[in-house]
Structures are given as C-alpha cells and as structure tokens.
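What follows is a short report on a single structure.
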Amino acid sequence: MKLKKNIAVSETGFLFDPNSGESFSLNETGKKILQFLKEEKPEDQISEWFVKNYEVDQATFENNFNDFITVLQNFRITE
C-alpha cells in the first residue's frame, strides 16, 4: 500500500491532498500508520510495531488497520 507522493501530513496530524483540495485530521495512530506507509513498510511490520507498542492484539489491530486503509482508498489518498 502506497500513499500518493504529493500527500502532505503535518506533525499535528493534518493531512492535505492537493489534488482534491481536501484536508483531514488524524489521531496519533493514524499519523503513525501514514508515516509507516510513506516509508513503504509492509503491513506485517506495521502490525508488529503496534502490537509491541500499544495494548492491542494482532487481530484487533489488523481489523482497525484494514478499516483505516479502506477510508484512505475511498478518499483516494493511496495509489
């Protein structure tokens, strides 16, 4: 999963898509996921990091991650 190259994300979690002019507000989890996606980390490494650093089991994280990815796809934030 890749983010479009022109997507901008601020340190405060503000995401801006210059193609559509739309902006979104992200929480800390969303910001971290986008950071990993920009680094082109595979899903299994992203999942492993969250399971180690947050109180979440792998199945719950993967369900939430997939929901988040679906939202990104719906807003055409990904390639």
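Just so you know, the working numbering puts 301 at position 79 of the sequence shown, and the rest follows in order with no gaps. Beta carbons: idealized from backbone N, C-alpha and C, even for Gly. All figures in this text were calculated on a predicted structure; none of them were measured in a lab.
- LEU237 is a Cβ neighbour of LEU248, given a cutoff of 8 Å.
- Around the CB of VAL293, fewer than 16 other CB atoms lie within 10 Å, so the residue is classed as exposed.
- Taking every protein chain shown into account, the CB of PHE297 has fewer than 16 other CB atoms within 10 angstroms, so this residue is exposed.
- If you check the CB distance, LYS224 and GLU301 come in under 8 Å.
- The alpha-carbon separation between PRO264 and GLU233 amounts to approximately 22 Å.
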